[in-house]
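Line by line, the protein sequences are chains B and A.
Once you know that position 36 of the first sequence is 36 in this note's numbering, the rest is easy, because the numbers rise by one and skip nothing.
Take any residue in the second sequence, count from 1 to its spot, add 264: that is its number in this note's numbering.
In this text, a Cβ means the ideal position worked out from N, Cα and C, and glycines have one as well.
Heads up: the structure comes next, in structure tokens.
2 protein chains.
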Amino acid sequence: MELIVTCCQLAPVIGDFAGNRARVEAAVAEAAAGGAGVIVLPELALSGYCFDSVEEARALSVPAGWPGFAELAALAPDAVVVLGFAELAATGELFNSAAMLFAGHQVTYRKVHLWDREKEFFLPGSEPAPVVSTPFGRLAMMVCYDLEFPEYTRSVALRGAQLLAVPTNWPLIGRPAGQPAPEVVIAMAAARVNRMAIAVCDRQGIERGQEWNQASTVIGPDGWPLATVDAQGRVRAELNLTGVDDKGLSERNDLFRDRRPELY
Amino acid sequence: MELIVTCCQLAPVIGDFAGNRARVEAAVAEAAAGGAGVIVLPELALSGYCFDSVEEARALSVPAGWPGFAELAALAPDAVVVLGFAELAATGELFNSAAMLFAGHQVTYRKVHLWDREKEFFLPGSEPAPVVSTPFGRLAMMVCYDLEFPEYTRSVALRGAQLLAVPTNWPLIGRPAGQPAPEVVIAMAAARVNRMAIAVCDRQGIERGQEWNQASTVIGPDGWPLATVDAQGRVRAELNLTGVDDKGLSERNDLFRDRRPELY
Chain B
1 MELIVTCCQL APVIGDFAGN RARVEAAVAE AAAGGAGVIV LPELALSGYC
51 FDSVEEARAL SVPAGWPGFA ELAALAPDAV VVLGFAELAA TGELFNSAAM
101 LFAGHQVTYR KVHLWDREKE FFLPGSEPAP VVSTPFGRLA MMVCYDLEFP
151 EYTRSVALRG AQLLAVPTNW PLIGRPAGQP APEVVIAMAA ARVNRMAIAV
201 CDRQGIERGQ EWNQASTVIG PDGWPLATVD AQGRVRAELN LTGVDDKGLS
251 ERNDLFRDRR PELY
Chain A
265 MELIVTCCQL APVIGDFAGN RARVEAAVAE AAAGGAGVIV LPELALSGYC
315 FDSVEEARAL SVPAGWPGFA ELAALAPDAV VVLGFAELAA TGELFNSAAM
365 LFAGHQVTYR KVHLWDREKE FFLPGSEPAP VVSTPFGRLA MMVCYDLEFP
415 EYTRSVALRG AQLLAVPTNW PLIGRPAGQP APEVVIAMAA ARVNRMAIAV
465 CDRQGIERGQ EWNQASTVIG PDGWPLATVD AQGRVRAELN LTGVDDKGLS
515 ERNDLFRDRR PELY
């Protein structure tokens with residue numbers, strides 16, 4: 001069965017919560033109309049990224065129980081939606097979080113590996129990335145820099161993840177001609193060594209002078225990109241998750257059973 | 265300081281121990297004459313790979329203390345030489361091993377992740393990949409399929425490896441047009457997430473019908489290939505290891521200190 005995965009590489013505008021929300025809602029509705037079963041949006045899609053102060057971040061944050069999430073989910077009632085947002089905890093602290101919305105459920109995750117100035121605004125999460133049984137398979141989610149720790153991607157695969165959704169904001173970084181963004185190389189390797197699909201949704205738009213890799217990609221469980229971003233900032237891939245739970249590589253090899261954790 | 269790393273992508277001939285030895289010696293002498301500080305040769309460079317039986321593998325094996333290693337090292341007295349060979353243990357068992365030779369020293373490693381029919385001929389090693397202080401920095405070595413376990417590459421980096429040498433025999437595998445061999449993608453990611461250079465020496469020549477990726481590559485500590493194989497089956501790269509022990513990524517980030525092992 002082919003699953004349509006759509007990444008909506010939006011251009012959030014720092015400070016424009018209402019506008020960002022409207023753009024997220026429009027993108028989700030459009031992706032759902034296009035048949036998407038899984039829809040992934042950027043990190044901090046409602047707030048923007050380059051905060052000037054913790055006060056600014058706080059003003060753009062919402063609690064995990066914000067009613068707008070249910071309203072967003074209602075725009076794609078048959079899909080799983082994953083998006084990043086600035087989370088205001090009941091204790092008043094801020095987290096760089098992601099929400100997974102589907103069939104009346106919401107799972108929230110707090111990014112555990114914070115990048116650079118995020119540490120000024122957010123606390124790191126203290127719980128591992130979730131692996132969630134959804135109508136489209138077992139989905140994990142993590143956020144941006146989280147993806148660059150191969151122990152972490154391995155851990156969700158070992159817990160059964162079939163597809164890993166990653167809202168991200170990848171600051172623009174140089175690379176040799178002809179090469180993909182370095183984070184995409186890392187994601188391709190993580191997909192292949194774990195036989196797990198990965199859908200990364202980056203962002204676009206220049207924000208306070210910051211540019212982005214704009215490298216949203218859906219990677220199949222064999223590690224090869226299935227689709228990259230189009231001129232409209234969308235990635236639309238048909239993904240087949242059949243067989244991803246079988247980690248066999250040869251008659252005598254298995255990606256997971258061949259591990260020698262006593263030696264690492 | 266630039267370190268010249270040369271991978272000699274030879275074409276071992278199964279059963280022709282004397283000829284393989286002569287080809288290894290010639291390649292090492294030539295690489296040393298070319299200024300190489302580190303010389304990497306294929307997996308099972310002295311024996312060939314596609315054994316018909318354990319008896320055949322045994323007949324092509326040598327003990328770790330084989331005097332030919334010292335004679336080989338003498339051909340490149342200022343270099344570090346890493347090559348794979350079939351090791352006959354004192355107990356009579358066989359291992360798919362690699363030797364690192366330099367300055368009168370030899371370190372031997374037994375591959376711990378065996379690929380497919382290797383399991384019919386070899387026992388897996390029970391010791392982790394070594395990290396060795398050499399005149400050219402701290403070198404680790406592992407063999408072929410070992411490289412595909414990101415926990416394993418991480419472990420040698422955490423133990424201080426600056427350059428990982430990997431004798432390999434990569435059976436030919438299909439890939440999308442324009443993509444590198446999948447194992448190279450895995451190596452590029454491992455290099456980048458660990459800030460550790462990786463030199464992989466594959467093999468060439470068709471052996472009992474088996475073809476090879478012929479994808480020898482030297483990857484810098486930023487994860488990008490520095491050089492790939494030339495028409496003569498050689499990779500010659502100038503590598504700068506300055507700064508690889510500093511794992512800092514930003515003012516507030518560090519590849520190793522940012523890890524959250526309690527969550528993996």
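Cβ of residue i within 7 Å of any chain B Cβ
| i | result |
| --- | --- |
| A/Lys-375 | no |
| A/Ala-309 | no |
| A/Asp-509 | no |
| A/Gly-484 | no |
| A/Arg-208 | Chain A is shown only over 265 to 528; residue 208 of chain A falls outside these bounds and no answer can be derived. |
| A/Asp-380 | yes |
| A/Ser-419 | yes |
| A/Ser-361 | no |
| A/Gly-512 | no |
| A/Leu-527 | yes |
| A/Ile-450 | yes |
Cutoff 7 Å: residue i Cβ touching any chain A Cβ
| i | result |
| --- | --- |
| B/Asn-253 | yes |
| B/Lys-119 | yes |
| B/Ala-189 | yes |
| B/Glu-148 | yes |
| B/Ile-14 | no |
| B/Pro-128 | yes |
| B/Trp-224 | yes |
| B/Glu-266 | Not covered by the structure: residue 266 of chain B. The range shown for chain B is 1 to 264. |
Alpha helix (DSSP H) segment containing residue i, residue limits
| i | result |
| --- | --- |
| A/Glu-447 | 446-458 |
| B/Tyr-109 | Element bounds for B/Tyr-109: not the alpha helix (DSSP H) but the beta strand (DSSP E), 105-110. |
| B/Arg-58 | 54-59 |
| A/Glu-307 | A/Glu-307 -> no alpha helix (DSSP H), and no H or E assigned at all. |
| B/Asn-96 | Where B/Asn-96 is concerned, there is no enclosing alpha helix (DSSP H), although the beta strand (DSSP E) it sits in stretches over 94-102. |
| A/Glu-526 | Run containing A/Glu-526: none; DSSP gives neither H nor E here. |
Contact belief for residue i with residue j at Cβ below 8 Å, rounded distance in angstroms
| i | j | result |
| --- | --- | --- |
| B/Val-82 | B/Pro-167 | 6 Å |
| B/Gly-137 | B/Gln-162 | 4 Å |
| B/Asn-213 | B/Asp-222 | The pair is not a contact, with the Cβ atoms about 23 Å apart (cut-off 8 Å). |
| B/Asn-194 | B/Thr-153 | 6 Å |
| B/Pro-130 | B/Lys-111 | About 12 Å separates the two Cβ atoms, so there is no contact after all. |
| A/Val-269 | A/Leu-505 | Going by Cβ atoms, the distance from A/Val-269 to A/Leu-505 rounds to 10 Å, so no, they are not a contact pair. |
| B/Asn-20 | B/Leu-3 | Contact doesn't hold; Cβ gap of about 27 Å is too wide. |
| A/Trp-488 | B/Pro-77 | Wrong, their Cβ atoms sit about 44 Å apart, outside the cutoff. |
| A/Ala-211 | A/Leu-403 | The structure shown has nothing for residue 211 of chain A, since chain A only spans 265 to 528. |
Neighbour-count burial assignment, residue i, 16 or more Cβ in a 10 Å radius
| i | result |
| --- | --- |
| B/Arg-159 | exposed |
| B/Glu-43 | buried |
| B/Phe-256 | exposed |
| B/Glu-55 | exposed |
| A/His-369 | exposed |
| B/Leu-172 | exposed |
| A/Asp-522 | buried |
Residue range of the beta strand (DSSP E) that includes residue i
| i | result |
| --- | --- |
| B/Gly-68 | B/Gly-68 -> not in any beta strand (DSSP E); alpha helix (DSSP H) instead, spanning 67-74. |
| B/Glu-238 | 234-240 |
| A/Glu-391 | Unbroken run through A/Glu-391: none, as it is neither H nor E. |
| A/Val-269 | 266-272 |
| B/Thr-228 | 225-228 |
| A/Phe-349 | 344-352 |
- Message: Does the contact criterion of 3 or more C-beta pairs under 8 Å hold for the segment 457-464 of chain A versus the segment 476-484 of chain A?
- Response: yes
- Query: Do three or more CB pairs link the segment 221-231 of chain B to the segment 350-364 of chain A at distances below 8 Å?
  - Reply: no
- Any 3 or more C-beta pairs closer than 8 Å across the segment 306-322 of chain A and the segment 378-388 of chain A: yes
- Message: Does the structure place the segment 316-335 of chain A close enough to the segment 362-379 of chain A that three or more beta carbon pairs sit under 8 Å?
- Response: yes
- Query: Taking three-plus beta-carbon pairs below 8 Å as touching, is the segment 285-305 of chain A in contact with the segment 508-520 of chain A?
  - Reply: no
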